[in-house]
Amino acid sequence: MKIDFEKLNTKNNVNTILQPRELFAALPNKKKGEFQYPRDVQSQVWDNWFQRRGERDLVIKMNTGSGKTIVGLLILKSSLNEDKVPAVYIVPDNYLVQQVINEAKKLGIEVTEDTQSPKFLSGKAILIANIHKLVNGKSVFGVGDQGIKIKIGALLIDDAHACLEAVEGQFTLNIPSSLDCYKGLYEIFKNPFNTQCKGKAIEIENGDPSAYMQVPFWIWKNNIDAITKILIENKDSGEIKFSLPLLKESLLLCRCVVSVSKIEITPYCIPIDMIPSITESERKIFMTATLVDDSVLSSHFGLKKDSIGKPLVPDTAGDIGDRMILFPQAINADLSDDDIKMFCKWASNTINVVVIVPSKYRANFWIEQADEILDKDNLHQGIEELKNNKTGLTILINRYDGIDLPGDACRLLVIDNLPDVRRLIDKVNQGILMGSDRVTAQVIQRIEQGMGRGVRSSDDYCAVFLMGRELTGQLYTGNAMKKFSSATKAQLDLSEQLSEQIQGKASTLKEIWDNTLIHCLNRNQKWVAASKGVLASLIYNISPEVNEATVAQREAYDYAICENYNGATKVLENVANATEDVKFKSYLKLCLSEYINLYDEEKAQKVLMSAVSLNARIIKPIEGIAYHKLESTTMEQARSCSEFLKSKFNDPNKAIIGINSIKEVLIFKSGTSNAFERNIKLLANYIGFNSQLPEEDYSKGPDVLWEAGDLNYFVIECKNGVTSFSNKINKHDCNQLNGSIAWFDEKYDNTCKCTPILIHPSSNFEYAASPHKTIRIMNEEKLKHLGGNVCEFIKSICVINKINDVDEIRNKLVFYKLRKEDFIREYTVEFSKN
């Protein structure tokens with residue numbers, strides 16, 4: 001006789017147990033030998049969650065590689081047993097969908113990818129889906145006034161920070177210039193752009209790929225009916241059909257940025273209630289890595305401050321793998337990116353080396369040495385190959401999150417340069433907030449996400465290189481290092497102690513390898529003990545600091561969406577007044593003026609004027625702003641240089657890192673004009689000159705203005721986007737510099753002397769151009785010469801710590817021909833014309 005054991009009623013089986021830890025033990029079909037006992041950190045999180053499961057929104061923070069997937073699956077299974085039906089497990093992409101499905105199969109938990117599956121809808125299986133399935137303008141779960149098509153009882157969003165970028169993308173309306181509606185919208189904005197900044201408007205008109213402008217908020221509001229009409233008429237075109245349904249009810253509360261290639265429309269905050277299945281879910285769980293700031297869960301998913309400020313965490317925070325994290329170009333400032341590239345190729349003969357680059361353009365730097373270059377099209381196959389074989393040197397393009405590289409899949413991880421921002425509005429905001437803590441924190445979070453790819457459990461290990469002078473410079477200035485999570489900070493501090501021991505002794509990468517990295521990779525017991533020791537006592541902050549400004553921006557948006565504009569302005573006014581960071585205060589005042597403009601246009605302009613007084617990079621008010629002359633300094637150049645270095649750098653070695661990061665940006669490359677101009681401005685300060693960005697800050701004048709002392713000025717126009725020497729200097733570029741000369745003559749009296757400089761690969765004007773006779777050209781050769789000499793100058797005074805020695809600085813300025821008397825002759829050439 002065959003006995004059916006499933007008919008036995010134990011009252012305590014896998015479909016009735018609620019406590020996740022007990023449920024884990026009761027799972028009957030776990031893969032043998034793999035899941036005998038849960039880890040301590042998993043049990044701790046389960047116990048904490050079970051006690052607080054009645055709270056609608058919960059945040060779980062766990063280290064990468066600590067078994068988050070299993071934690072999430074058991075929480076959803078428990079929720080199903082509690083009749084929170086159906087249950088949905090969301091991840092950033094399809095690759096991770098398969099990973100979660102594989103993990104569920106090993107546990108014996110039933111899952112599906114089918115949103116119409118009867119087992120899913122009835123609560124017998126968990127739906128595993130990527131974030132795009134849930135959040136898009138045609139979502140099967142329902143959008144806006146369609147209501148809820150698929151109810152969600154329990155929603156878990158894993159790797160929530162990685163999902164944020166996808167959510168931003170879905171709520172961003174991109175209109176490529178190939179569509180007719182681009183032309184219709186551009187015609188609305190064209191004249192206001194000329195009023196706002198004629199130079200940038202001309203660049204967009206002439207097809208400059210690096211040019212973009214934000215539409216002034218009053219122009220957007222005054223034309224919202226015409227804008228909406230154009231968008232609705234084209235609602236089935238391209239990407240519009242996927243994004244417009246998410247934004248059509250809140251277009252008034254959107255920002256718009258125009259470039260040559262596209263028009264981009266983004267909301268002030270994500271109107272996540274356009275996916276009502278999310279906001280109406282009975283139970284929401286957000287799982288994040290142990291990154292410092294979870295406040296974006298407010299701006300993107302609408303979480304309240306209390307939910308963000310009381311995360312569920314394990315008892316200890318030291319359960320991450322061993323990482324030795326080095327900055328090779330801080331150990332030896334002479335090491336080039338090419339040196340690191342060739343070293344990585346050498347190392348890849350014995351171990352898997354993975355390099356994360358910010359863009360396809362940067363991937364080209366590695367292409368000759370790379371064994372594999374992985375982008376979204378071949379990522380999953382490439383990652384599996386890394387896990388199963390020794391593949392050598394692999395390049396990942398802009399992939400800082402959402403992938404696992406356990407064990408031998410990656411033993412040396414390289415973060416190459418700073419992550420790029422993709423959206424136009426992010427570029428606008430980065431320009432406004434440049435140098436502020438806000439931007440630094442965002443960069444740090446992205447870098448830390450990338451560094452997390454190489455260790456996936458507490459017994460895993462890898463070495464990490466952070467390379468690129470711009471990245472090194474950003475992290476070594478200010479308080480950047482303090483913004484990493486506690487575990488990463490501890491590993492950075494320990495690695496920094498190693499670096500200090502070998503600085504000046506290990507000059508080559510092979511020497512750095514032999515004296516440091518090899519001890520991590522060969523599991524030297526003294527290193528392992530030291531590394532584990534710094535992590536052992538770390539605990540999570542159970543009441544992390546919540547970014548009040550981010551929460552306030554969400555609260556203001558929620559008021560405004562209900563047309564309570566007065567409530568919105570009060571919230572933002574309070575947080576702006578309490579903010580000490582000047583650049584961020586100016587940004588918050590800009591946001592405040594956007595809301596005020598919805599009911600009082602005159603007051604909005606006054607608040608905007610106040611914002612611009614703090615930060616000239618903000619949109620200019622209707623009446624414009626008065627130009628503030630760059631007064632000629634009475635301080636000698638050498639002393640001015642000394643004062644700048646002392647005020648900027650508490651460690652002279654950081655000045656070397658800083659100037660190296662500037663030099664790296666001073667290249668002829670399309671699409672980099674904004675960064676180039678800002679770094680040409682900064683270069684002046686390193687050699688004791690003052691500088692301005694008149695066009696960016698005041699909407700008129702040259703790209704850059706240098707004040708060189710004794711009433712001498714350099715009026716500089718930058719054309720580094722021109723990449724071919726064969727391109728003659730055209731009439732437009734010539735007229736732009738001629739116009740800047742006229743601007744200088746208008747703003748400065750005849751006691752001031754102006755030398756106009758055009759940075760351009762060619763020194764030959766086309767026939768139609770009429771260059772002013774005093775114009776000088778800084779071509780590619782002279783630009784490299786200037787960058788190289790400034791770097792050598794800074795190194796010569798900082799290596800021997802002479803930044804206080806004005807006499808020494810004066811001598812070095814003479815030697816490197818960086819005085820105003822030598823500058824034009826040494827670093828520019830005469831123009832020709834034919």
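Numbering (UniProt numbering), first residue to last: 1 to 834.
Quick reminder that beta carbons are idealized off the backbone N, C-alpha and C, glycines included.
For Thr-288, list the residues DSSP reports as bridge partners. Taking the sequence shown and counting its residues from 1, the one referred to as residue 288 is at position 288. The secondary-structure analysis by DSSP pairs Thr-288 across a beta bridge with Lys-61.
Label residue 841 either buried or exposed according to how many other C-beta atoms from any shown protein chain fall within 10 Å of its C-beta, with 16 as the threshold for buried. Outside the shown range of the chain, which is 1 to 834, sits residue 841, and nothing can be said about it.
Nearest-angstrom beta carbon gap, Gly-468 and Pro-418 [assumed within contact, 8 Å]: Against the sequence shown, residue 418 aligns to sequence position 418. Against the sequence shown, residue 468 aligns to sequence position 468. Per the sequence shown, residue 418 should be read as Leu rather than Pro. Separation of the CB atoms of Leu-418 and Gly-468 is rounded to 7 Å, and the pair is thereby assigned contact status at 8 Å.
For the 8 Å Cβ check, are there 3 or more pairs between the stretch 645-657 and the stretch 581-601? Flag = no, the stretch 645-657 and the stretch 581-601 do not touch.
Tell me, please, which residues DSSP counts as bridged to Ala-87. As a working mapping, residue 87 is identified with position 87 in the sequence shown. BP columns for Ala-87 point to Ala-154.
Unbroken stretches of the alpha helix (DSSP H), 4 residues or longer, contained in the stretch 139-189: Entirely contained in the stretch 139-189, the alpha helix (DSSP H) runs reaching 4 residues are, in chain order, 160-170.
How many angstroms separate the CA atom of Asn-577 from the CA atom of Tyr-595? The sequence position of residue 577 within the sequence shown is 577, counting from 1. The sequence position of residue 595 within the sequence shown is 595, counting from 1. Each residue's alpha carbon lies about 16 Å from the other.
With a cut-off of 8 Å on the beta carbons, I'd call Lys-483 and Ala-441 a contact; round off their distance for me. The sequence position of residue 483 within the sequence shown is 483, counting from 1. The sequence position of residue 441 within the sequence shown is 441, counting from 1. Between Lys-483 and Ala-441 a beta carbon distance of about 5 Å is seen, short of the 8 Å cut, so the two are scored as contacting.
Whose C-beta lies closer than 6 Å to the C-beta of Gly-729 among residues of the same chain, with five residues either side of it excluded? On the sequence shown, position 729 is the one that residue 729 refers to. Here residue 729 is Ile; the residue named in the question, Gly, does not match the sequence. Excluding residues within five positions, the ones whose Cβ falls inside 6 Å are His-760, Ser-762 and Phe-765.
Same chain only: Cβ atoms within 8 Å of Ile-101, ignoring 5 sequence neighbours per side: As a working mapping, residue 101 is identified with position 101 in the sequence shown. When the five nearest sequence neighbours on each side are left out, the beta carbons in the same chain lying within less than 8 Å of the beta carbon of Ile-101 are those of Val-111, Glu-113 and Ile-128, in order along the chain.
Uninterrupted beta strand (DSSP E) stretches inside the stretch 231-296 (no shorter than 3 residues): Taking only runs of at least 3 residues, the beta strand (DSSP E) segments lying wholly in the stretch 231-296 are 254-259, 262-267 and 283-288.
Exposed unless 16 or more other CB atoms sit within 10 angstroms - verdict on Ala-560: Counting from 1 along the sequence shown, the entry for residue 560 is found at position 560. Its Cβ being crowded by 16 or more others within 10 Å, Ala-560 is buried.
Opposite Ile-709 in the DSSP bridges: which residues? Taking the sequence shown and counting its residues from 1, one reaches residue 709 at position 709. Strictly speaking, residue 709 in this sequence is Gly, with Ile absent from that position. Paired residues: Asn-712.
Expressed to the nearest angstrom, what Euclidean distance is found between the alpha-carbon atoms of Glu-563 and Gln-637? As a working mapping, residue 563 is identified with position 563 in the sequence shown. As a working mapping, residue 637 is identified with position 637 in the sequence shown. Approximately 56 Å, taken between the alpha carbons.
Looking only at DSSP bridge pairs, what is Ala-487 linked to? Numbered from its first residue, the sequence shown carries residue 487 at position 487. Paired residues: none, contrary to the question.
Roughly how many angstroms separate the alpha carbons of Ala-530 and Ile-131, rounded to a whole number? To locate residue 530, count along the sequence shown from 1; it is residue 530. To locate residue 131, count along the sequence shown from 1; it is residue 131. In a straight line, the C-alpha of Ala-530 is about 40 Å away from that of Ile-131.
Leu-535 - DSSP class collapsed to helix/strand/coil: The sequence position of residue 535 within the sequence shown is 535, counting from 1. Three-state DSSP puts Leu-535 in a helix.
Can you give me the Cβ contacts of Asp-493 inside the same chain, cut-off strictly under 8 Å, excluding the 5 residues immediately before and after it? Numbered from its first residue, the sequence shown carries residue 493 at position 493. Cβ contact annotation for Asp-493 (same chain, cutoff 8 Å, sequence separation greater than five): Val-534, in chain order.
Endpoints, the alpha helix (DSSP H) within which Asn-81 is located: Here the question's residue 81 lines up with position 81 in the sequence shown. Taken as a continuous stretch (DSSP letters only), the alpha helix (DSSP H) holding Asn-81 covers 68-81.
Between Asn-388, Asn-223 and Lys-731, which lies nearest to Leu-253 when the distance is taken from Cα to Cα? Residue mapping note: residue 253 aligns to position 253 of the sequence shown, counting from 1. Nearest of Asn-388, Asn-223 and Lys-731 to Leu-253, Cα basis: Asn-223.
Relative to the C-alpha of Ser-832, which candidate in Ile-775, Gln-430 and Asn-679 has its C-alpha closest? In the sequence shown, the residue the question calls residue 832 occupies position 832. Answer by Cα proximity: Ile-775.
So what's Tyr-212 in DSSP terms, helix, strand or just coil? As a working mapping, residue 212 is identified with position 212 in the sequence shown. When secondary structure is reduced to three states using DSSP, Tyr-212 falls in the strand class.
When DSSP labels each residue in this structure, what does Asn-191 get in the three-state scheme? Residue mapping note: residue 191 aligns to position 191 of the sequence shown, counting from 1. Residue state, collapsed to three classes: helix.
Touching by the beta-carbon criterion (3+ pairs, under 8 Å), the stretch 384-395 and the stretch 432-450: Below 8 Å, too few C-beta pairs join the stretch 384-395 and the stretch 432-450 to call them touching: fewer than three.
Applying the 10 Å Cβ sphere with the 16-neighbour rule, what's the burial state of Tyr-767? Here the question's residue 767 lines up with position 767 in the sequence shown. Result: exposed.
Could you have a look at Val-704 and say whether DSSP puts it in helix, strand or coil? Looking up residue 704 in the sequence shown gives position 704. Looking at Val-704 - three-state DSSP - the assignment turns out to be strand.
Quick check: the Cα distance between Gln-525 and Leu-96, rounded to an integer number of angstroms? Taking the first residue of the sequence shown as 1, we reach residue 525 at position 525. Taking the first residue of the sequence shown as 1, we reach residue 96 at position 96. In a straight line, the C-alpha of Gln-525 is about 35 Å away from that of Leu-96.
Buried or exposed: which applies to Ala-742, given that a residue is buried once 16 or more other Cβ atoms fall within 10 Å of its Cβ? Walking along the sequence shown from the start, residue 742 turns up at place 742. Under this definition Ala-742 is an exposed residue.
Cβ shell of Leu-164 (< 7 Å), same chain only, five flanking positions each side left out: Locating residue 164 in the sequence shown gives position 164, where the first residue counts as 1. Taking Leu-164 as the centre and dropping the five residues before and after it, the same chain places the C-beta of Val-296 and His-300 closer than 7 Å to its C-beta, in chain order.
If distances are taken between C-alpha atoms only, which option among Lys-235, Ile-157 and Thr-195 comes closest to Ser-281? Residue 281 sits at position 281 when you count from the first residue of the sequence shown. Of the listed residues, the one whose Cα sits closest to Ser-281 is Ile-157.
Output yes or no for whether 8 Å exceeds the beta carbon distance between Leu-179 and Asn-234. Within the sequence shown, the letter at position 179 stands for residue 179. Within the sequence shown, the letter at position 234 stands for residue 234. Yes.
Just to confirm before moving on: does the CB-CB distance between Ile-109 and Ile-126 stay below 8 Å? Working through the sequence shown from its first residue, we reach residue 109 at position 109. Working through the sequence shown from its first residue, we reach residue 126 at position 126. The Cβ atoms of Ile-109 and Ile-126 lie closer than 8 Å to each other.
State the beta-bridge partners of Leu-393 as determined by DSSP. Position 393 of the sequence shown, counted from the first residue, corresponds to residue 393. Bridge partners of Leu-393: Val-353.
Distance check for Leu-711 and Asn-690, CA to CA, integer angstroms please. Walking along the sequence shown from the start, residue 690 turns up at place 690. Walking along the sequence shown from the start, residue 711 turns up at place 711. When rounded, the distance between both Cα atoms is 12 Å.
Whose C-beta lies closer than 7 Å to the C-beta of Asp-416 among residues of the same chain, with five residues either side of it excluded? For the purposes of this step, residue 416 is identified with residue 416 of the sequence shown, where counting begins at 1. Here Asp-416 has Val-355, Ile-356, Val-357, Arg-362, Met-467 and Gly-468 as same chain residues with Cβ atoms under 7 Å from its own Cβ, once five neighbours each way along the sequence are excluded.
Report back the beta-carbon spacing between Ile-432 and Tyr-587 to the nearest angstrom; my notes put them in contact at under 8 Å. Position 432 of the sequence shown holds residue 432. Position 587 of the sequence shown holds residue 587. Their Cβ separation, rounded to whole angstroms, is 5 Å, which keeps Ile-432 and Tyr-587 in contact under 8 Å.
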